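This report refers to the structure that appears directly beneath it.
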Amino acid sequence: MATALLCVGAAALLLWATRSTIVDIRTREVLSSALRVVHLIKDDHLPRVTSMDLDGLQVVNASGQVVSSTPNLAGSPRLSHATPALDEATRVATICDLPEFGGRCEIMVSFRVYEPEGDWLVYAFGPLPPWYVSPAAIAFLLLFTVTLVALAWFGVSRVVARTLAPVQDITERLAEITAGDGSLRLPVPETAAEIKGLALTANQTLERLESALDQQRRFVSDASHDLRSPITAMRTELEMALLDPDENDWRETASKLLTSIDRLQNIVSDLLTLARLDAGEPGALEPVDLGELVAGETARQRSKRIVTSLQPGVVVTGDRHRLARLLTNLLDNAERHAESTITITVRGEGGQAVMEVLDDGAGIAPEDRERVFRRFLRLDAARNRDAGGTGLGLPIAREIAETHHGTLRVEDSDKGARFVVRMPRSNG
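Counting along the sequence shown from 1, when you hit position 422 you're at 421 in numbering that gives the first Met the number 0, and nothing is skipped either side.
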């Protein structure tokens, strides 16, 4: 539609320009014929009837009488009383509805001729072209417009079809992708840069989605397994006690049940914490001095000796309770694996606050330094010493660090495992 309107507008402009040119040409022709009559008047050779290639001509003397005309206007009264301006010799006008010309519009040129007895006037009339110039011009413009619209439609449809073909392929492939088969990827066209960028971005999104779904499946599987263990232990204790209820020590049974319930409660509590962190629930942000936080959390007695090196004034902006949970999880992990000593260091490094928790245990192999942050993952060596853990302490600690725009990594150390937390340091 837009192309058609544009073509019609262009045709109308071309028609207007053509008609204006023809009008100018006709006007000059009428002026030339009238000027020849002026020369006849000056030479005193003006005939009563003048043959000119015009629609009509009249010569009016100083007394207002028609003294010469073309044959078709012989005997006709004066057709116009229009005269040039006093300081001009010619005047061009358009005159319509004259019976002598069948009511059509004419180009009229009036010439002032200066004579001793008074001014004479020459009126010359030529045909004014219609708005459509001619039927041939209208036919040509219609054909031109239709052809141009057809070519534009054909070209645009081909370009659009070629451009949208990759989009159709992407749409069909998206329809095939389901939650059960997230390994499919979108085709990446090599021609259209914008669509290629869209496909690449969509594939990256699909990769992240597949990774999240895989993580969710593993999480559900591991959570089901870890939740099943304490429930199975409780059921076993109760079934054994019911086999011989009179001889069973119910106080001992209750103690064993409480141990399993504590483990179950810890798992559920950690799952709830992870769910809140995954949901991005904001905490209560405030300035937190990491040195004071470590001093407070290490005040209570632990089974291993704790050595601290705390630089004062290392302040971050965060949720005090979550940061305390991060530190507690790292301390609990270090306490389970240390031989005798845990070392905690707090210091500032430029615009970062750094907190390290180092134990003197067996350490973590480089290939396992990222695996330890997987949910419910406990290394084989850790399972023997960490039977009561939930497998969620380190993942929760990393999630807390990342929600504070920081990082938690296992870095090199001479002995034991060295967990390093880095967070933006508060300006305050």
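Just so you know, even glycine gets a beta-carbon here, dropped at the ideal spot from N, CA and C.
Because the structure is a prediction, the values reported are computed rather than measured.
- The three-state reading of DSSP puts R216 in helix, counting H, G and I together.
- P229 counts as buried, since no fewer than 16 other beta carbons sit within 10 angstroms of its beta carbon.
- The straight-line gap separating the alpha-carbon atoms of N332 and D411 is approximately 17 angstroms.
- By the CB criterion at 8 angstroms, G415 and D367 fall outside the cutoff.
- Where D288 is concerned, there is no enclosing alpha helix (DSSP H), although the beta strand (DSSP E) around it starts and stops at L284 to D288.
- Under the DSSP assignment, P394 falls in the alpha helix (DSSP H) whose first and last residues are G392 to T402.
- According to the DSSP assignment, L309 belongs to no alpha helix (DSSP H) but to the beta strand (DSSP E) extending over R304 to L309.
- The C-alpha of P70 is placed about 23 angstroms away from the C-alpha of P128.
- CA-to-CA, the gap between L256 and V419 works out to about 37 angstroms.
- L271 is not a Cβ neighbour of E296, given a cutoff of 8 angstroms.
- Taken atom to atom, the span from the alpha-carbon of E99 to that of L120 is near 19 angstroms.
- Apart from the 5 residues on each side of it in sequence, T49 sits with its Cβ closer than 8 angstroms to the Cβ of V36, L39, L56, V58, S67, S68 and T69 in its chain, given in chain order.
- Looking at P76, S75 and F124, the one whose alpha-carbon comes closest to that of V91 is F124.
- Pairing S32 with D54 gives a Cβ-Cβ distance that is not under 8 angstroms.
- Judged by beta-carbon spacing, R18 lies within the 8 angstroms limit of V132, meaning their Cβ atoms are closer than that value.
- Taking the CA atoms as reference points, L147 sits about 11 angstroms from A9.
- Using a C-beta cut-off of 8 angstroms, the segment 308 to 327 makes contact with the segment 349 to 357, since at least three inter-stretch Cβ pairs fall below that distance.
- Per the DSSP secondary-structure output, L53 pairs with nothing in a beta bridge.
- Following the DSSP letters along the chain, one finds D331 inside the alpha helix (DSSP H) bounded by residues R319 to H336.
- Put simply, of H336, G74, S425 and L237 the residue whose alpha carbon is nearest the alpha carbon of E348 is S425.
- Your pair T89 and V65 does not check out as a contact, with CB atoms roughly 19 angstroms apart and the cut at 8 angstroms.
- Secondary structure of G117 (DSSP, three-state): strand.
- Non-local C-beta neighbours of Q300 in its own chain, meaning closer than 6 angstroms and more than five positions away in sequence, are absent.
- Residue environment for R321: buried (at least 16 other C-beta atoms within 10 angstroms of its C-beta).
- For F418, the enclosing beta strand (DSSP E) covers residues R417 to P423.
- DSSP, read as helix, strand or coil, puts F143 in helix.
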